[in-house]
Each structure stands twice: as C-alpha cells, then as structure tokens.
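Novice: What follows is a single structure, and I will ask about it in a moment.
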Amino acid sequence: MAAMSVIGIDFGNDNCYVAVARAGGIETIANDYSLRGTPSCVAFSAKNRILGVAAKNQTVTNMKNTIYGFKRLLGRKYSDPFAQKEIQTLPFKTSQQPDGGIGIHVQYLGEEHVFTPEQITAMLFTKLKETSVTALQTAVNDCVISVPSYFTQAERLALLDAARIAGLNVLRLFNETTATALTYGIYKQDLPAPDTAPRNVVFVDFGYASLQVAVCAFHKGKLKMLASAADSQIGGREIDAILADYFCKDFQARYKIDTRNNPRAYLRLLSEVEKLKKQMSANSTKLPINIECFIDEKDVHGDMQRADMESMCSNLFKRVEATLKQCLAQSKLKLEEIHSVELAGGSSRVPYVKKLVEEVFGKPCSTTLNQDEAVARGCALQCAMLSPAVRVREFSVTDIQPYPIKLKWDASQGEAGEMEVFEQNHAIPFSKMLTFYRSSPFTLSAFYSSQPPTYPTNQIGVFTIRDVKPNKDGESSKVKVKVRINLNGILTIASASLVEKRESTQQEKEEEEQLQQQQQQQENMNVDQAQEKKDKADQDAEAKEPPAPEGDDKTEDGKSKVKVRHVDLPIDTKGYGLSQKDLDYALEKEFKMVAEDRQEKERVDARNALEEYVYDLRSKVSDEDQLATFVTESDRESLCRTLDDTENWLYEEGEECQRQIYSDRLARLRSQGEPIKDLKIEYEGRGAALEEFSAALQLAKKATDQIRSSHAAGEDKYDHINEDDLKKVERTIQEKWSWLEEKRVLLNQTPRTQQPPIFVNQIRSERQALDNAITPILNKPKPKVEQPKEEKKEKTTEQKNSQNSEGHNQNNGESDNMDVDPTSVNA
Numbered sequence: 001m002a003a004m005s006v007i008g009i010d011f012g013n014d015n016c017y018v019a020v021a022r023a024g025g026i027e028t029i030a031n032d033y034s035l036r037g038t039p040s041c042v043a044f045s046a047k048n049r050i051l052g053v054a055a056k057n058q059t060v061t062n063m064k065n066t067i068y069g070f071k072r073l074l075g076r077k078y079s080d081p082f083a084q085k086e087i088q089t090l091p092f093k094t095s096q097q098p099d100g101g102i103g104i105h106v107q108y109l110g111e112e113h114v115f116t117p118e119q120i121t122a123m124l125f126t127k128l129k130e131t132s133v134t135a136l137q138t139a140v141n142d143c144v145i146s147v148p149s150y151f152t153q154a155e156r157l158a159l160l161d162a163a164r165i166a167g168l169n170v171l172r173l174f175n176e177t178t179a180t181a182l183t184y185g186i187y188k189q190d191l192p193a194p195d196t197a198p199r200n201v202v203f204v205d206f207g208y209a210s211l212q213v214a215v216c217a218f219h220k221g222k223l224k225m226l227a228s229a230a231d232s233q234i235g236g237r238e239i240d241a242i243l244a245d246y247f248c249k250d251f252q253a254r255y256k257i258d259t260r261n262n263p264r265a266y267l268r269l270l271s272e273v274e275k276l277k278k279q280m281s282a283n284s285t286k287l288p289i290n291i292e293c294f295i296d297e298k299d300v301h302g303d304m305q306r307a308d309m310e311s312m313c314s315n316l317f318k319r320v321e322a323t324l325k326q327c328l329a330q331s332k333l334k335l336e337e338i339h340s341v342e343l344a345g346g347s348s349r350v351p352y353v354k355k356l357v358e359e360v361f362g363k364p365c366s367t368t369l370n371q372d373e374a375v376a377r378g379c380a381l382q383c384a385m386l387s388p389a390v391r392v393r394e395f396s397v398t399d400i401q402p403y404p405i406k407l408k409w410d411a412s413q414g415e416a417g418e419m420e421v422f423e424q425n426h427a428i429p430f431s432k433m434l435t436f437y438r439s440s441p442f443t444l445s446a447f448y449s450s451q452p453p454t455y456p457t458n459q460i461g462v463f464t465i466r467d468v469k470p471n472k473d474g475e476s477s478k479v480k481v482k483v484r485i486n487l488n489g490i491l492t493i494a495s496a497s498l499v500e501k502r503e504s505t506q507q508e509k510e511e512e513e514q515l516q517q518q519q520q521q522q523e524n525m526n527v528d529q530a531q532e533k534k535d536k537a538d539q540d541a542e543a544k545e546p547p548a549p550e551g552d553d554k555t556e557d558g559k560s561k562v563k564v565r566h567v568d569l570p571i572d573t574k575g576y577g578l579s580q581k582d583l584d585y586a587l588e589k590e591f592k593m594v595a596e597d598r599q600e601k602e603r604v605d606a607r608n609a610l611e612e613y614v615y616d617l618r619s620k621v622s623d624e625d626q627l628a629t630f631v632t633e634s635d636r637e638s639l640c641r642t643l644d645d646t647e648n649w650l651y652e653e654g655e656e657c658q659r660q661i662y663s664d665r666l667a668r669l670r671s672q673g674e675p676i677k678d679l680k681i682e683y684e685g686r687g688a689a690l691e692e693f694s695a696a697l698q699l700a701k702k703a704t705d706q707i708r709s710s711h712a713a714g715e716d717k718y719d720h721i722n723e724d725d726l727k728k729v730e731r732t733i734q735e736k737w738s739w740l741e742e743k744r745v746l747l748n749q750t751p752r753t754q755q756p757p758i759f760v761n762q763i764r765s766e767r768q769a770l771d772n773a774i775t776p777i778l779n780k781p782k783p784k785v786e787q788p789k790e791e792k793k794e795k796t797t798e799q800k801n802s803q804n805s806e807g808h809n810q811n812n813g814e815s816d817n818m819d820v821d822p823t824s825v826n827a
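Position 181 of the sequence shown, counted from 1, bears residue number 181 in full-length UniProt numbering, the numbering being contiguous throughout.
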C-alpha cells in the first residue's frame with residue numbers, strides 16, 4: 001500500500017460525500033455503487049449490517065430495522081423536546097436509556113440490540129472509511145468532518161465520539177459554511193491583496209434538513225468568517241412533509257385511504273413527493289404523481305404545480321427570508337459591500353429560494369460551486385492543510401463561534417460571579433488567560449449566554465480546579481486559568497496554574513550582591529572591557545540559575561525582587577461526551593460487528609461463487625459452441641444431474657451454510673468441470689502451435705537448401721558453415737518433421753472428449769528445442785580474414801582518397817552474412 005491518504009467527510013442528514021486531496025486537485029470518491037453520494041442510512045438483518053446505498057434501497061421492506069435521521073439525535077437526551085419531535089417522525093423503536101440518552105432498538109443477528117445515535121453514526125463512518133480505502137488503495141486514518149455551524153458543544157463531542165468508535169482520527173470538525181467558503185476561495189486567483197478592501201461573499205447552504213447562511217471576507221491566501229445564522233428546523237425535508245401532508249388529505253378525500261396510519265405507504269409517498277419537488281424546480285406547469293398499489297392494492301394519482309407548492313410553503317419561506325436578513329444584520333455590511341452570493345445545498349435549487357436570496361442581498365445568485373460536493377471538498381482541503389503528510393498551498397482560515405459564551409463562579413472575596421468570555425462571532429481557535437484569587441479548590445461553570453435555538457439547555461460544562469491552597473501568609477493564592485475554544489469549536493479549560501512567590505535563598509542573595517558589585521565596577525571601565533566582563537558575569541549567573549520554570553516579579557528599576565513559579569493544577573471536567581469506559585465498550589462492539597460483517601460477506605461470496613459456477617458450467621456443457629463436444633453424452637448427463645442437485649441444495653438446506661461448506665462443494669464441482677474446460681483450451685490452442693512449428697521447420701529447410709546451393713555453385717558466402725554442421729541441422733529438421741507428423745496422426749485419431757496424446761506446451765517445447773539446435777549454426781557469423789600489413793596500408797590510403805569522391809558507394813553492396821531465424825515467420 002502507498003502512503004496514507006487524508007480525506008474530508010461531509011456528514012449530511014440525508015447523504016454523505018467523501019473527498020480526497022491529490023496532486024491533481026480535489027476528487028470526490030465514488031462508492032461501491034459508483035455513486036458519489038452515500039445515503040446516511042444504516043440497516044440490520046438476521047445475518048449482518050447493511051450500510052449506505054443498500055440500506056436505503058430496502059427502507060420500505062425492512063422499515064423498523066432501517067435507521068436514518070440519526071444526525072439530529074446526536075448528543076441529546078431522550079427527554080429533549082427537539083429529539084422527541086424527530087423521534088415521532090421515525091419508524092424505528094426508541095427508548096430512554098439509564099443515563100437519559102436515546103436508545104435505538106433493532107433486530108440484529110436474531111436478537112434485539114440497542115444502539116446509541118453515536119454508535120449508529122460510527123457504523124456509517126466505518127462504511128465511508130471502507131469506501132475510501134477501496135477507492136484509494138491505501139490506508140485512511142486522518143480526516144476532517146463537517147459539522148453544522150449551529151451545533152452545540154454536546155453535539156460536537158458526540159460526533160467526535162462517533163468518529164473515534166469508527167477508528168478515525170479527526171484533525172478538525174469543520175463548520176459546513178466555512179468548508180464551502182474554503183472551496184470557493186482557494187482556487188480564486190483574483191482575490192484582493194491584504195492591504196486592500198476584502199471581497200465579501202455570502203454563502204447560502206440550504207440542505208435537506210437545515211438552512212445555514214454565512215458572510216466571509218476574502219483576501220489573497222486567507223478567509224475570515226464575519227457572521228453566520230442558521231435555522232435547523234427548515235430544509236428540503238420540511239418541503240417534502242408539507243407536500244406529503246397535502247396528498248394525504250387529497251387521497252383521504254378521493255380514495256378513502258388513510259396514509260398517515262400506514263408507515264410503509266407514507267415512506268413511499270415521501271419518496272414520490274421528493275421527486276415531484278425536484279421536477280417542479282425545473283418546470284412550472286402542472287405535474288402528475290402516480291403510485292401503483294399504494295394501499296389496499298389501490299393505484300393513486302394526483303398533480304401539483306410550482307405555484308401551489310410555493311403557496312403551501314409560504315411560512316417556511318418566510319423563515320428562510322428572516323434567517324438571510326439576520327445574517328446580513330450581524331455582518332454589519334452594506335449591500336454594496338457584498339461582492340457576490342454563492343448557493344450550496346440541494347434545496348437551494350428551489351426557484352423561490354433563489355428569488356428570496358436575490359431580493360435580500362440585491363445580487364443575482366451564483367452557482368459556481370458544486371452544490372452537493374462543496375462541503376466535502378472544503379473538508380478535504382482543510383485536512384490536507386492540517387496533515388503533515390500532504391503539501392498544499394497555504395490558505396489561512398479564521399472561523400467564528402456562533403454563540404456567546406460566559407463563565408460563572410462563586411462570588412467569594414468580592415469578585416464578580418460571571419463574565420462573558422467569548423462574544424458572538426468571536427474568532428476561533430482562541431485562548432484567553434483569566435486570573436483568580438482563591439484559597440481552596442473552586443468551580444467554573446460554562447454557559448451559552450443565550451439559549452441555542454434548537455438545544456434545551458445552555459449549559460456547556462463544569463470545570464473544577466483542584467489542589468488550590470492559601471499562600472504562606474494564609475491569603476488567597478493567585479490562580480491563572482487558560483480558557484480556550486479549539487479548532488473543533490469546543491470550549492475547554494486548557495490549563496490552570498498556581499502562581500507561588502518565594503523569597504531568595506542566602507546563596508541567591510549573595511550572588512545578587514556579587515552581580516551588582518560587578519556591574520558597578522564595569523561602569524568605571526572602558527566600553528570593551530566592561531562589555532567583556534558583563535558577558536562573563538551574565539554567563540555565571542545563568543549557570544547558577546535553578547532549572548525550575550519560574551519568573552521574577554520586577555521592581556520599577558528592573559531589579560529582581562521576588563521569585564515566582566507556576567504549579568500546574570489538576571482539572572476535573574464534567575460535561576458531555578462518552579466516558580472512557582463507554583467509549584472502550586463501543587469500540588469493542590464495533591470491532592466485533594466489523595468482523596461479523598466480513599465473515600458474512602465471505603460466506604455470501606462463497607455461496608455466490610458456487611451458484612455462479614453451477615449456472616455457468618451447465619450452460620456451457622449444453623452448448624455446441626462451448627463445451628458440449630468435449631464431454632461424452634453419459635458424462636454430460638451425470639454432470640448435469642450433479643449441477644441440478646447442487647442448485648436445489650443451494651435453495652433448500654444449503655441456504656445458510658458456513659463458507660467452508662460452499663468452498664468444498666465448489667472445489668468438487670471444479671474437479672469435474674475444469675478438465676472439460678482444459679480440453680477445450682488445449683484444442684483451441686493446438687492448431688496455432690502446430691502451424692507455428694510447421695512454419696518454423698519450412699523456413700529452416702529453405703535456409704539449408706539455400707546454403708547447399710551456394711556450396712554447389714562454389715560461392716564463398718556460406719563457406720564458414722561446414723558440411724558436418726549442415727548435416728546436423730538437416731538431421732534435426734528431419735527428426736522434428738517426423739515427430740510432428742506422428743503427433744498430427746495421433747491427434748486426428750483422438751476424440752475431443754479424451755485427453756490428447758500431446759499438449760500445447762509440449763509442442764512449443766519441441767519448437768524451442770529446434771530453435772536452440774539450429775539457430776546458432778545457421779546464424780553463425782562469417783569470420784573476419786586478417787589482411788597483410790602492406791595490403792592493409794594500401795587499402796587504407798585508397799579509402800582515404802575515395803572519401804572525397806562523389807562516386808563512393810562502399811555501403812551499397814550486399815552483406816556477406818545471411819541471418820536465418822526460424823522464429824521470424826511468426827512475427
């Protein structure tokens with residue numbers, strides 16, 4: 001395998017895309033169905049897991065064991081009202097777990113299993129990783145995964161846990177809008193210089209499940225996010241639901257059928273209205289919807305046009321408009337300061353959405369990006385930038401934190417109880433150093449200053465700083481706390497340290513006094529001598545300085561007053577995400593399921609190989625143009641009976657056998673079928689081999705006759721080939737002719753159904769033996785005759801004179817050597 005590759009994953013609610021950064025640019029990877037989009041779908045059966053496209057294809061037939069829409073359940077509790085709203089639309093069973101989380105119930109390997117949304121997400125990531133490894137033919141580990149800009153800390157940590165369970169090393173969780181902006185910016189060669197006004201671009205990502213809007217400022221080689229706004233409750237699926245609700249009522253009135261109470265029928269309806277929605281984006285006329293055998297064997301029909309859809313979805317489109325205006329207001333830009341508006345996401349193709357965008361921003365919509373793959377491409381670029389294994393053009397990315405964050409603490413010793421550490425749209429990653437005065441361990445609680453629109457709590461986490469104690473005077477100690485929002489948009493207390501002051505030891509005081517005396521003496525010396533002695537004194541002082549990481553509090557004149565050292569303090573974090581124990585359990589379970597999937601695939605492949613061999617061999621032994629003439633009638637009947645018995649066994653008691661049983665049966669069948677195929681291969685190759693051998697013999701005979709004629713005419717052209725060598729060649733040719741004729745007679749007498757007396761490889765060996773025996777003799781070069789010195793000298797003089805003559809033709813004569821190569825007739 002080649003060096004490890006780095007990938008970018010667009011983890012969507014409906015579909016996922018995987019891209020890779022290569023020398024030729026960014027490439028989106030196709031899955032095992034040759035599709036670039038892999039459905040965010042995981043299904044379970046009695047034998048294995050079904051992931052991606054295959055899972056989506058059997059949604060209707062295996063509804064209760066096909067899991068989708070789980071992205072919106074990540075990092076949430078079962079009691080979460082937003083989670084409950086999602087669960088009500090999903091056909092599979094869920095329950096509250098002991099920790100308050102969401103449990104998803106499925107029938108798998110013949111028994112009920114309960115998985116968390118993080119585990120289900122990890123299964124999908126396992127599939128994406130496998131697809132990448134297959135496509136790239138190299139190991140895949142490092143990745144960047146997209147995340148909605150509105151995701152809270154809890155949801156981001158849950159996504160990281162899912163990636164860890166799948167064995168992925170996430171270099172960054174990348175906001176989807178930022179990924180889109182990077183895809184746009186990195187290929188632009190005309191971006192403004194750093195010292196000029198930026199190019200401000202709006203990105204509108206209207207996908208299957210949410211709307212995200214962002215404004216970005218570009219300079220050459222860098223981008224900076226200015227503002228973002230989102231509505232996670234509107235998307236393409238909400239449009240589908242509105243259309244489906246209309247047709248439910250229509251079918252109820254006209255056909256007297258209740259679609260809502262038939263989950264399987266409702267899923268089919270959702271699929272059909274999604275197709276209708278896409279057709280309406282390109283056509284404003286009335287369009288039909290037809291579903292055969294919908295409910296109670298009834299065929300249903302309906303129609304709708306774009307204007308009807310826009311009227312039904314008017315409230316949804318008002319929310320779209322409000323989100324667009326909110327982002328514009330946050331950016332504090334005037335319309336004339338906006339360069340362009342870029343669309344991304346499948347639902348941005350809806351004409352009314354384009355119209356709204358153009359009205360709000362006063363610019364025509366631009367679709368220079370691949371609307372489905374832009375996020376994955378941006379993630380792949382970011383992964384290449386972060387990975388040391390890949391070289392890529394430098395492009396600075398400054399992202400923002402969508403929610404303001406504040407810290408709260410106990411208001412002891414007259415300190416304020418809370419402060420906003422990071423305001424809305426603050427740049428990330430970013431760190432701030434806070435100073436506290438405490439005499440005992442204390443707790444910091446982190447919150448979003450305002451309630452996130454789609455999360456039931458604004459709490460982020462609780463951090464306890466331990467091992468804090470009073471100073472030597474019994475007063476509160478100075479504690480430095482580093483608060484950081486990292487690349488993933490996650491708030492952490494990166495470090496906490498106790499600042500301790502201590503008095504100088506007697507030795508240090510003496511050294512200080514000695515240093516001051518030396519400095520005083522240096523002032524009275526000339527410049528060169530003073531500098532020399534000062535350097536020495538400084539070196540001596542440095543050599544005696546203790547190695548502990550300390551700092552000095554300085555007086556106004558710059559002289560050391562008090563020694564200071566920083567003592568790292570332990571931090572206890574209570575927040576979201578899986579515990580190490582739960583993570584280890586989920587990892588172990590995922591490894592086990594991967595092994596079971598592999599084992600089942602090998603079993604199915606072995607069964608399919610046996611089934612394929614049965615059909616292939618049976619059709620060929622009955623075909624005159626294939627194998628029928630190479631097997632006796634009795635053997636053919638016996639073989640066909642065996643093949644029929646094997647086929648019946650496959651669909652009866654052999655349906656669920658172990659891999660080895662299928663492999664053994666295939667080996668027994670091949671022991672009967674392959675000899676017949678070998679007879680055909682020998683027969684088809686034999687004619688060409690005989691003809692090649694015969695042609696080689698004829699050419700060799702012609703060469704010997706030519707040499708005989710030359711000898712008889714007294715010519716010296718071939719006098720270097722003596723009579724003994726020539727007779728040896730003629731004997732060899734005669735022996736091979738006899739052998740060839742004998743084998744031809746035997747082959748003509750042998751039926752096709754029997755093993756031939758001679759095989760193709762033996763014929764070729766005899767031909768090679770002929771070449772080895774006669775070619776060195778017939779191609780023997782004529783020896784050069786040594787000329788007398790005087791004659792050679794005269795000839796050299798003549799040659800020199802003749803070089804200036806136009807009539808010189810020394811290269812026009814014929815060669816004295818004749819090369820005879822029997823193999824040349826086959827060229």
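Note that CB positions come from ideal geometry on N, CA and C, so glycine has one too.
Since I289 sits in a beta bridge, which residues does DSSP pair it with?
Specialist: Partner(s): G302.
Novice: Using the Cα positions of L287 and D303, report the straight-line distance between them to the nearest angstrom.
Specialist: L287 and D303: Cα-Cα distance of roughly 5 Å.
Novice: Could you check if Q734 is buried or exposed, using at least 16 other CB atoms within 10 Å of its CB as the buried criterion?
Specialist: So Q734 ends up on the exposed side.
Novice: Between Y246, L639 and I29, which lies nearest to Q137 when the distance is taken from Cα to Cα?
Specialist: Of the candidates Y246, L639 and I29, the one whose C-alpha sits nearest the C-alpha of Q137 is I29.
Novice: To which residues does DSSP link N175 through a beta bridge?
Specialist: According to DSSP, N175 bridges with V147.
Novice: Who are the Cβ neighbours of S95 in its own chain at under 6 Å, not counting the five residues just before and after it?
Specialist: Around S95: G103.
Novice: Put K478 into one of helix, strand or coil per three-state DSSP.
Specialist: It is a strand residue.
Novice: Below 7 Å CB to CB, which residues in the same chain sit around F759 once its five sequence neighbours on both sides are set aside?
Specialist: Here the set comprises E682.
Novice: With distances taken Cα to Cα, identify the nearest neighbour of A214 among G236, V350 and N425.
Specialist: That would be N425, whose Cα lies nearest to the Cα of A214.
Novice: Note down the Cα distance separating N486 from I400, rounded to an integer number of angstroms.
Specialist: One C-alpha to the other measures close to 11 Å.
Novice: Give me, in chain order, the residues of the same chain whose beta-carbon lies closer than 6 Å to that of A494; leave out the 5 immediate sequence neighbours on both sides.
Specialist: Correct list, in chain order: K482 and R484.
Novice: Given L587, which residues of its chain have a CB within under 6 Å of its CB, disregarding the five upstream and five downstream residues?
Specialist: The residues are I165.
Novice: Out of curiosity, what's the CA-to-CA distance linking A154 and I242?
Specialist: Cα to Cα, the separation comes out at about 30 Å.
Novice: Kindly list the residues whose CB is nearer than 8 Å to the CB of P757, restricted to its own chain and excluding five residues on each side of it in sequence; keep chain order.
Specialist: So the list reads K743, L746, L747 and T750, once near-sequence residues are dropped.
Novice: Can you look up H711 in the DSSP assignment and give me helix, strand or coil?
Specialist: H711 falls in the helix class under three-state DSSP.
Novice: Would you list the residues sitting across from H339 in a DSSP beta bridge?
Specialist: In DSSP, H339 forms no bridge with anything.
Novice: Can you find the residues in the same chain that come closer than 6 Å, C-beta to C-beta, to L90, ignoring five residues on each side of it along the sequence?
Specialist: Within the same chain, L90 has close Cβ partners G69.
Novice: Checking the sheet assignment: what are the DSSP bridge partners for H566?
Specialist: DSSP lists V499 as partners of H566.
Novice: Whose C-beta lies closer than 6 Å to the C-beta of K93 among residues of the same chain, with five residues either side of it excluded?
Specialist: Within the same chain, K93 has close Cβ partners H105.
Novice: Who are the Cβ neighbours of T38 in its own chain at under 6 Å, not counting the five residues just before and after it?
Specialist: Excluding sequence neighbours, T38 sits near C16, N31 and G52.
Novice: From which residue to which residue does the beta strand (DSSP E) around K93 run?
Specialist: Where K93 is concerned, the enclosing beta strand (DSSP E) stretches over K93 to Q96.
Novice: Would you call Q539 buried or exposed, if buried means 16 or more other Cβ atoms sit within 10 Å of its Cβ?
Specialist: Reliability of the predicted coordinates at Q539 is poor, the pLDDT of 40 falling under 50, and the value obtained from them is presented with this limitation in mind. Looking at its Cβ environment, which holds fewer than 16 other Cβ atoms inside 10 Å, Q539 is exposed.
Novice: Output the residue ranges of the beta strand (DSSP E) runs that lie fully inside the stretch 101 to 129 and measure 3 residues or longer, sorted by chain position.
Specialist: Within the stretch 101 to 129, the complete beta strand (DSSP E) runs of at least 3 residues are 102 to 108 and 111 to 115.
Novice: Comparing alpha-carbon positions, which option in S340, R254, L276 and Q626 lies nearest D299?
Specialist: Among S340, R254, L276 and Q626, the Cα nearest to that of D299 belongs to R254.
Novice: Taking all protein chains shown into account, decide if A427 is buried (16 or more other Cβ within 10 angstroms of its Cβ) or exposed.
Specialist: Per the 10 Å Cβ criterion, exposed.
Novice: What would DSSP say about K408, mapped onto helix, strand or coil?
Specialist: Looking at K408 - three-state DSSP - the assignment turns out to be strand.
Novice: Comparing C-alpha positions only, which one of A43, F44 and T704 sits nearest to V722?
Specialist: Looking at the sequence shown, residue 722 is not Val but Asn. Closest option to N722, Cα to Cα, is T704.
Novice: E112 to L74, Cα distance in whole Å?
Specialist: Rounded to whole angstroms, E112 to L74 spans 21 Å at the Cα level.
Novice: So T464 packs on D572, CB below 8 Å; how close in whole Å?
Specialist: Correct: roughly 4 Å between the Cβ atoms.
Novice: So if DSSP puts S228 in a beta bridge, which residue, or which two residues, is it bridged to?
Specialist: S228 pairs with A214.
Novice: Put I242 into one of helix, strand or coil per three-state DSSP.
Specialist: Correct three-state label for I242: helix.
Novice: Between A700 and I707, what straight-line distance do the alpha-carbon atoms span, to the nearest angstrom?
Specialist: So the two alpha carbons sit approximately 11 Å from each other.
Novice: Do you know how far the Cα of A217 is from the Cα of T196?
Specialist: The alpha-carbon atoms of T196 and A217 are separated by roughly 12 Å.
Novice: Starting from G378, trace the alpha helix (DSSP H) both ways and give me its first and last residue.
Specialist: Taken as a continuous stretch (DSSP letters only), the alpha helix (DSSP H) holding G378 covers A374 to L386.
Novice: Is it true that the CB of L109 sits closer than 7 Å to the CB of V147?
Specialist: Cβ atoms of V147 and L109: not closer than 7 Å.
Novice: Only counting runs of 3 or more residues, tell me where the beta strand (DSSP E) segments fall wholly within the stretch 432 to 496, in order along the chain.
Specialist: Fully enclosed beta strand (DSSP E) runs of 3 or longer: 442 to 448, 459 to 465 and 477 to 485.
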